Amino acid sequence: MPKRLKPKKICEACRLHFYGDSLTDIAVLLDVAKTTLTRWRKTDIWQDYEAKLLDEWHQQQHAEANTSSEQITMNKLTENLDHETEVETIK
Numbered sequence: 734m735p736k737r738l739k740p741k742k743i744c745e746a747c748r749l750h751f752y753g754d755s756l757t758d759i760a761v762l763l764d765v766a767k768t769t770l771t772r773w774r775k776t777d778i779w780q781d782y783e784a785k786l787l788d789e790w791h792q793q794q795h796a797e798a799n800t801s802s803e804q805i806t807m808n809k810l811t812e813n814l815d816h817e818t819e820v821e822t823i824k
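My numbering puts the last residue of the sequence shown at 824; the count rises by one with no breaks.
Right, dumping it as structure tokens:
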């Protein structure tokens, strides 16, 4: 067991876990015991990094939702302009 924490490994494990890898898979990949990962999950490093990942994910989801809304609005405006052009052409 290492005598000190390795922040890079903890952050890497946290990121892998955040994106869906199991603790068993992460333990094999990083060559640590599963119990070590369980201990790491309780550290401030893990919890702070997990909160950062979650914030970034929420911001990305919010940005994608805004982009979708803007695209829908743009499509509606384009449809309205097309309709007005058709009406003028018919007159």
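We treat Cβ as the ideally placed atom computed from N, Cα and C, and that holds for glycine. All of these numbers come straight from a predicted model, not from anything done at the bench.
Residues near residue i by beta carbon distance below 7 Å, same chain, minus five either side
| i | result |
| --- | --- |
| Glu-783 | Cys-747 and Phe-751 |
| Lys-767 | Leu-756, Thr-757 and Ala-760 |
| Val-820 | Confidence at Val-820 is low in this model, with a pLDDT of 48, below 50, so its placement is unreliable and the value that follows should be read with caution. Nothing meets the Cβ criterion. |
Anticipated Cβ contact below 8 Å, residue i with residue j, distance rounded
| i | j | result |
| --- | --- | --- |
| Leu-738 | Thr-776 | 7 Å |
| Leu-786 | Leu-770 | Between Leu-770 and Leu-786 the Cβ distance is about 16 Å, and since that is not below 8 Å, they are no contact. |
Option nearest residue i by Cα separation, candidates the options
| i | options | result |
| --- | --- | --- |
| Leu-763 | Lys-785, Pro-740 and Asp-788 | Pro-740 |
| Val-765 | Asn-799, Asp-788, Glu-745 and Asn-808 | Glu-745 |
Neighbourhood of residue i by C-beta, 6 Å cutoff - its chain only, sequence neighbours within 5 removed
| i | result |
| --- | --- |
| Ile-778 | Pro-740 and Ile-743 |
Suppose only complete runs of 4+ residues qualify. What are the alpha helix (DSSP H) ranges in the region 748–799, listed by chain order? 756–763 and 767–773
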